[in-house]
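Each residue of the sequence shown is one higher than the one before, counting from 456 in the working numbering. Beta carbons: idealized from backbone N, C-alpha and C, even for Gly.
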Amino acid sequence: MDLVIVESPAKAKTINKYLGSNFKVLASYGHVRDLPAKDGSVLPDDDFSMSWDVDKASQKRLTEIAQAMKGADRLILATDPDREGEAISWHVLEVLRQKKVIGTKPVSRVVFNAITKKSVLDAMANPRQIDEPLVDAYLARRALDYLVGFTLSPVLWRKLPGTRSAGRVQSVALRLVCDRESEIERFKPEEYWNIGARLATPRGDEFSARLSVFDGDKIQRLTVSNGERAETIRAMLDGASFKVASVEAKPTKRNPGPPFTTSTLQQAASAKLGFSASRTMQVAQKLYEGMDIGGETVGLITYMRTDGVQIAPEAIEDARAAIGTTFGAKYVPEKPRIYTSKAKNAQEAHEAIRPTSFARLPKDVEQHLDRDQARLYDLIWKRTIASQMASADIERTTVDIAARNGDKSATLRATGSVVRFDGFLGAYVDHRDDGVVAVEGDDDDSARLPLIEANETAEKRAIEASQHFTEPPPRYSESSLIKKMEELGIGRPSTYAATLQTLQDREYIINENRRLIPDSKGRLVTAFLHNFFEKYVEYDFTADLEQQLDRISAGELAWKDVLREFWKDFSAQVDGTKELRVTDVLDALNIELAPLAFPPKEDGTEPRACPRCANGQLSLKLGKFGAFVGCSNYPDCNFTRQLGSKMQAEGAGDAGLDEPKVMGDDPDSGEPITLRSGRFGPYVQRGEGKEAKRSSLPKGWLPAELDFEKALQLIRLPREVGLHPETGKPILAGLGRYGPFLQHDGAYANLETIEDVFTVGLNRAVTVIAEKKDRFASRGTPAALATLGEHPDFGGPITVREGRFGPYVNVAKINATLPKGKDPASVTLEEAIILLNERAEKAGKTPKKAPAKKAPAKKVAAEKGAKAPAKKAAAKKPAAKKAVDGETKPSARAVPKPAAAAPAKAPVVTTLIKAPKKVAKPAAE
């Protein structure tokens, strides 16, 4: 029997069917080892030796694989055909060698680009050995990401409280978003006028033309910059005669684009289907691993993590045959189209993303797929088919019309295009990403023109002059940011989706209406890194490092040489920040973030002047929860303002909130009720001092629209609805951190809207409370979907559960919601520990650690009367979160040093790796 190792259980099941009973296929469930999230996992002073941890879930799977290997004749490593897949195979092999179950049994590596019977059997017939340069590149990338994340993040925590972490690729992607926001803030609109005419041919057919030349001067977009000049030109044209000077019809061909790579698929799926990058990859993974089509499980597309644009010769022939059958012989070009990647670091051995069989038309497989799967398969099928189809024939017509009024002359131009033969456009019309500005004239080119002949007159129907203003560059969408990262050579296409998700999970950026807006935390991190670690967030530096990693994978560079060169400068830069004072940081950030922190005032006064006291100056301040704007005269002046608050964007400044706005006097106490701006947004306050009552404005309530009646209602919350008829205890309606609620006898029930808080009556309140009680009585605590293991600090098992607001992990009384899009079945123990630790930190809960136990004295020592030394329990730390987008999120308690001592013994199996080929024995327990 031969043992085959793949990543996913779905793939294992499908491949086992293809190979038959002489093979046993097991899944590793992704990576089986990772660097633990603690100091010393990578030791620069020990020639970059790396310690690997195996989590409990992976330990169980590796034990199963090792047991199976004992009875197997051969090991076949069949993980994915990319760098990560090569690394997983290497990890599995190293662990099995440590367990001494390999011996002299042959080991081979096979790769297949599609999960079809032919692809799998062809791969099995052509095995190879593990690609050592690819493994070296993985080790270098993993070490770099660890060293950056675990060295730079503690600097952030010390100098910028409230920030989370930094990463090698993540921080550069964040800088792109922040730089675009800065461009928008600096942008000053320019006025310009478009001037055109609505004309008619002698046959009465109307068409539009735009001014292109006036008195011999070519008219560009911004040439006519004011209304006075626009009116002069309009008046001249209004009294002019028009004659067709020339008509030119030029045939052109439009060629199809190449089939999808990972990044272009993400861009197209975003523009055409509205998918996020992570959603695109989730759906593509299902299509790749295989779907049940007519009783047979088959992979529908090739591997979806690729930057290659070429497709296999047999697939090209399959596509050409499908084109002839589906569209007709004239849509098949004379020669097959061959594409090559323009990217410098593309892996040419990888195919583009394509259907495994073009005979499986989208309409034929639609019934076997869910809606998202069907739509994405349709997109991939059409794009790949179009890439092998004939060019489109387009005729573009340009008409120049001469206008004359006395001694004044002008030229107007009308353009239009006609598709004479649709070619590949019959299958796929390429998307235009929202973030790409259309070329001027594109809209006109798509218009149809009537029959126009040279030298004939044109009748004026109307002259139009319209005012416009230039607009700032658009914010990035996910797809346009991915496109930009690919153009700059930042990161890898397979990691783009995870990079964007990480930035959103850490609340550095906000995805609002498919536009990426940097949060104030993200702006702070970027400004800090730009001022004190500028080299490491430069686009060229990051791209050059990626090229070095690619050269390692090609066998052209030694991986440790790259690490040594990087670490020498990086560790020196980190050491240089030890003497950096917080005041130095704030001075730099005050300048860098001035448009965000001190936006210009409408009256033109000094933006940094304190609006409350006479001589104070506003400055960035750092608190427990992050940065905010405060007065330099604190504590005499306690003016504060939230940094980059939504209040500013929604018109809070228009409400006059630089100083408290008096709304009126409370009729009960006589104290003034004021509207104010705080670090956490707008709020109302009754009275002054520490005893003053405050209430934040509910979501959706704008400061500019708040009146005294609403302010009085807010400040009087919670409101007593009445006494419960059964218990006689009061029912209160109020507004909390999770929204509007009802409270009765220590229990809470949610209300739908803030208006319900002020209007709900006793009968309705009793019903809502009863319904909540019945739901919980019938449901009870959700059953655990899985038990992951023990939490090292809080004690007790960590479980995965499905709640009313989605899946979450739980330990003791701590619940942490899983990130959006995260599959509950894929959660690891390490990920769960990190989520629970973050949730506990936010809630202010501290772990109740059991006291360290002394190891029992040895029996022999006791008999001799010797005092046995107490064995000190090893301090446990959260295990590492698996690499996402090349970034590792460090534990908040793990603050590494540039040169660290050897790590303490880990609670799970730990191996010291110095080089891929030389593996040290595990440390004795």
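Asked                                                                                                                          : Found
Heavy atom of the ligand COA within 7 Å of Ala-704 beta-carbon                                                                 : Absent from the structure shown: the ligand COA. Ligands present: none.
CB contact flag (Leu-1130, Ala-1166, <8 Å)                                                                                     : yes
Nearest residue (CA-CA) to Glu-636, options Arg-978, Asn-986 and Asn-1093                                                      : Arg-978
Terminal residues of the beta strand (DSSP E) in which Pro-1252 lies                                                           : 1252–1258
Beta-carbon proximity check, Ser-796 vs Asp-762, cutoff 8 Å                                                                    : yes
Buried versus exposed call for Ile-1209 [16 or more other C-beta atoms within 10 Å across all chains shown]                    : buried
Residue burial classification, Glu-519 (beta-carbon count within 10 angstroms, cutoff 16)                                      : exposed
Beta carbon of Phe-697 nearer than 8 Å to that of Lys-915                                                                      : yes
Reference Ile-585; option with closest CA among Pro-561, Lys-573 and Arg-859                                                   : Pro-561
Contact between the stretch 482–489 and the stretch 498–515 (3+ Cβ pairs under 8 Å)                                            : yes
The beta strand (DSSP E) enclosing Ile-1209, as first and last residue numbers                                                 : Careful: Ile-1209 lies outside any beta strand (DSSP E), inside the alpha helix (DSSP H) at 1209–1214.
Per DSSP, the bridge partner or partners of Lys-479                                                                            : Leu-458
Endpoints, alpha helix (DSSP H) assigned at Ile-674                                                                            : Element bounds for Ile-674: n/a, residue is neither H nor E.
Chain-order list of residues whose beta-carbon lies under 8 Å from that of Ile-1253 (same chain, five-residue window excluded) : Thr-1242, Leu-1243, Gly-1244, Glu-1245, His-1246, Val-1264, Asn-1265, Val-1266, Leu-1284, Ala-1287, Ile-1288 and Leu-1291
The stretch 786–793 in contact with the stretch 852–863 per 3-pair CB rule at 8 Å                                              : no
Simplified DSSP state of Lys-877, which is helix, strand or coil                                                               : In the sequence as displayed, the identity of residue 877 is Asp instead of Lys. Of the three classes helix, strand and coil, the one that applies to Asp-877 here is coil, per DSSP.
Cβ distance (whole Å) where Leu-1035 is taken to contact Leu-1075 below 8 Å                                                    : Contact doesn't hold; Cβ gap of about 15 Å is too wide.
Residue from Pro-1195, Asp-1200 and Ile-1170 with nearest C-alpha to Gly-1183                                                  : Asp-1200
Reference Ile-835; option with closest CA among Ala-739, Arg-1294 and Leu-654                                                  : Ala-739
Inter-residue Cα distance where the pair is Arg-516 and Leu-551                                                                : 12 Å
Local Cβ density within 10 Å of Tyr-1193, reported as buried at 16 or more and exposed below that                              : exposed
Lys-976: first and last residue of the uninterrupted alpha helix (DSSP H) it sits in                                           : 975–987
Nearest-angstrom Cα separation, counted from Arg-623 out to Thr-957                                                            : 13 Å
Inter-residue spacing [alpha-carbon to alpha-carbon] between Ala-913 and Leu-654                                               : 6 Å
Buried versus exposed, by CB contacts within 10 Å (16 or more), Arg-903                                                        : exposed
Close-in-space but distant-in-sequence residues of the same chain around Lys-1319 (CB under 8 Å, 5 per side omitted)           : Because Lys-1319 sits at a pLDDT of 38, beneath the cut-off of 50, its placement in the model cannot be relied upon, and the point is left open.
Segment contact, 8 Å Cβ cut-off, at least three pairs: the stretch 1003–1016 with the stretch 575–592                          : yes
Cβ-based burial, His-546 [other Cβ within 10 Å; buried from 16]                                                                : buried
Stretch pair the stretch 657–664 + the stretch 930–948: three plus CB contacts closer than 8 Å                                 : no
Cβ-based burial, Gly-1071 [other Cβ within 10 Å; buried from 16]                                                               : buried
Other residues of its chain near Gly-1010: CB distance less than 6 Å, five sequence neighbours each side excluded              : Pro-588
Three-pair Cβ contact test at 8 Å for the stretch 1086–1093 versus the stretch 1056–1066                                       : yes
Status (buried if at least 16 other CB within 10 Å, exposed otherwise) for Thr-1060                                            : exposed
C-beta contact flag for Leu-831 and Ala-724 at 8 Å                                                                             : yes
Start-to-end residues for the beta strand (DSSP E) that takes in Trp-1381                                                      : Since the first and last residues shown for the chain are 456 and 1380, residue 1381 lies out of range.
Whole alpha helix (DSSP H) elements within the stretch 1149–1232, 4-residue minimum                                            : 1163–1170 and 1209–1214
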